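Following: one structure in C-alpha cells, then a few remarks.
In full-length UniProt numbering, the protein residues as written are 1 to 358.
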C-alpha cells in the first residue's frame, strides 16, 4: 500500500514557529509531526510514501529523510514531489498519478497530530462497506482540556445506525441557520447529526476514487476545496451493485493467515461506493492542527499521556542545560532555565520556561 503526505499548503501561523518554515519539522510526541506520521505508516507496512511539498523545502526535507532513514526498514521508499504552495489537492493527485500503483492509498497532511492510530481499522471500514473513501473522525478530550472545550463544533451527517457519511460541515461553514440539503432530509429518521466529532485530516481512498477526483480537477467549483469537502460528492450506498460477489467476512476480523496486499491488510472483491466514517477511539491525541494554540495543547497532552518517551526527547522539569548546548527536536518543560548561548532548533518551550538574555 501507499501513502501521500501533503506538506505544500501549511498554515503560516504554524510554519512561522520553525526556522525552516516547514510545519512537518515541528516537535511532536517522540519526534516531529512528519516523522510521527511516517512511523504510523511504517508500523503498518505502508512503506511507499510520497511527500508533496513546496519547492523551497526540498533541501530541508531531503536532509530530514537522510537523518531518519536508519529508523525505518531498508525497503521503505520515500519520494518528494515539489508543487506550488497554492496547488489544489486535485492538481496534486494529477502530478503524482504516475507514482500511484496500489489499489488503496492513505492521504494525510503534515499538520495532523496522531499518536496511536491503527491504520488497519480504517482499512477494514473501507473493505467491509465497499467504500470509495474513509475519513477518520475523533472526539476531542474536552474533559481534560479547556482549550479543546472551546474549539468550535463541526457537524457530521450520518445514516442512522451506520458509519455512512452523508455530509460534513466544518465549523467555518456553520451559520446561525444552517440548512440540511433536501436530498438528505428525505431520508427522514435515517439521518443522524453529530456535533461531538471532528474531522482529523486522515483518509483512505481507493485508486479509482483518486482517479475520479483527478478527472474532475477542471471543475472550477472544486479548485479551492480541501479534501474534507469532497466527502459530500460521493454517491450513497443505495447505488451499490446488488449482484456483486465478494470473498471473506464483512462482520468479523480477518483470520491471521488471510492473504492481502500486505500482511496487515485484508482484501475483498466488490465495487466500492460511497464515503464512510471511521471513529477513532483515541486515548491520546488525534487532531488536525491549524493554529499555535492547538499545537501547544496537542504537544502538552501527548507528553502527559505518553507512557514511554525516547531518551533525550524532552528536557525534564527544573533542568538548566549546559550553556553551550544545542537542543534539537525536543520539549523543554516548565521550570527549565535556558542560557543565552544555548541553541534551540525545532523545539517547543512549554509554559514556565525561563530564557536568559545575553
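All residues carry an ideal CB built from backbone N, CA and C; glycine is no exception. Here the structure is a predicted model, which is why all the values come from computation and not from measurement.
Practice task
Pick helix, strand or coil for residue 135, following the three-state DSSP scheme.
Solution key: strand
Problem - Own chain, CB closer than 7 Å to residue 112, minus 5 neighbours either side, in chain order - result: 37, 200, 201, 202 and 288
Exercise for the section: Return the CA-CA distance between residue 104 and residue 122, expressed in angstroms with no decimal places. Expected result: 11 Å
Handout entry: Beta carbon of residue 19 nearer than 8 Å to that of residue 99
Key = Between residue 19 and residue 99, the C-beta gap is not smaller than 8 Å, which leaves the two residues out of contact.
Handout entry: Buried or exposed by the 16-neighbour rule on C-beta atoms within 10 Å, applied to residue 110
Key = buried
Problem - Sequence-distant residues of the same chain with beta carbon closer than 7 Å to residue 227, five excluded per side - result: 89, 107 and 203
Problem - Given residue 45 as reference, the closest of 344, 120 and 212 once Cα atoms are compared - result: Nearest C-alpha to residue 45: 120.
Handout entry: the stretch 273 to 280 contacting the stretch 133 to 153, beta-carbon criterion three pairs below 8 Å
Key = yes
Handout entry: residue 355 classed as buried or exposed, judged by whether at least 16 other C-beta atoms fall within 10 angstroms
Key = exposed
Handout entry: Outcome for residue 57 when other beta-carbon atoms lying within 10 angstroms are tallied against a minimum of 16
Key = buried
Practice task
Answer yes or no: do residue 299 and residue 332 have a C-beta to C-beta separation smaller than 8 Å?
Solution key: Taking a C-beta distance under 8 Å as the contact criterion, residue 299 and residue 332 do not qualify as a contact pair.
Practice task
Could you name each continuous beta strand (DSSP E) segment of 3 residues or more that falls completely within the stretch 4 to 68, going from the start of the chain to the end?
Solution key: 48 to 53
Problem - Whether residue 52 touches residue 7 by CB criterion (8 Å) - result: yes
Handout entry: DSSP-derived helix/strand/coil call for residue 320
Key = coil
Handout entry: Buried versus exposed, by CB contacts within 10 Å (16 or more), residue 71
Key = exposed
Handout entry: Span separating the alpha-carbon of residue 79 from that of residue 86
Key = 20 Å
Handout entry: Unbroken beta strand (DSSP E) run spanning residue 345, endpoints
Key = 343 to 345
Exercise for the section: Could you tell me how far apart the beta carbons of residue 155 and residue 148 are, in whole angstroms, since I believe they sit closer than 8 Å? Expected result: Their Cβ separation, rounded to whole angstroms, is 17 Å, which puts residue 155 and residue 148 out of contact at 8 Å.
Problem - Cβ-Cβ distance between residue 207 and residue 330 below 8 Å - result: no
Problem - Three-way DSSP call (helix, strand, coil) for residue 82 in this model - result: strand
Handout entry: Helix, strand or coil at residue 190 [DSSP, three-state]
Key = helix
Problem - Distance, residue 285 Cα to residue 23 Cα - result: 18 Å
Practice task
In angstroms with no decimal places, state the Cα-to-Cα distance between residue 291 and residue 11.
Solution key: One C-alpha to the other measures close to 7 Å.
Exercise for the section: Spatial neighbours of residue 317 within its chain, please: CB distance less than 8 Å, with the 5 preceding and 5 following residues excluded, ordered by chain position. Expected result: Here the set comprises 333, 334, 335 and 336.
Practice task
Taking all protein chains shown into account, decide if residue 161 is buried (16 or more other Cβ within 10 angstroms of its Cβ) or exposed.
Solution key: So residue 161 counts as exposed.
Handout entry: Pairwise C-alpha distance: residue 315 and residue 146
Key = 25 Å
Problem - Option in 97, 142, 29 and 194 with minimal Cα separation from residue 167 - result: 194
Exercise for the section: State the start and end residues of the unbroken alpha helix (DSSP H) segment that holds residue 127. Expected result: 120 to 129
Problem - C-alpha gap between residue 69 and residue 5, whole angstroms - result: 17 Å
Handout entry: For residue 230, the nearest candidate out of 274, 63, 2 and 25 (CA to CA)
Key = 274
Exercise for the section: Check the DSSP bridge columns for residue 167 and list the partner residues they point to. Expected result: 157
Practice task
With a 10 Å radius around its C-beta and 16 neighbouring C-beta atoms as the bar for buried, classify residue 340 as buried or exposed.
Solution key: exposed
Exercise for the section: Say yes only if the C-beta of residue 320 is nearer than 7 Å to one or more non-hydrogen atoms of the ligand ADP, and no if none qualify. Expected result: As far as ligands go, the structure on display features none, and thus does not contain the ligand ADP.
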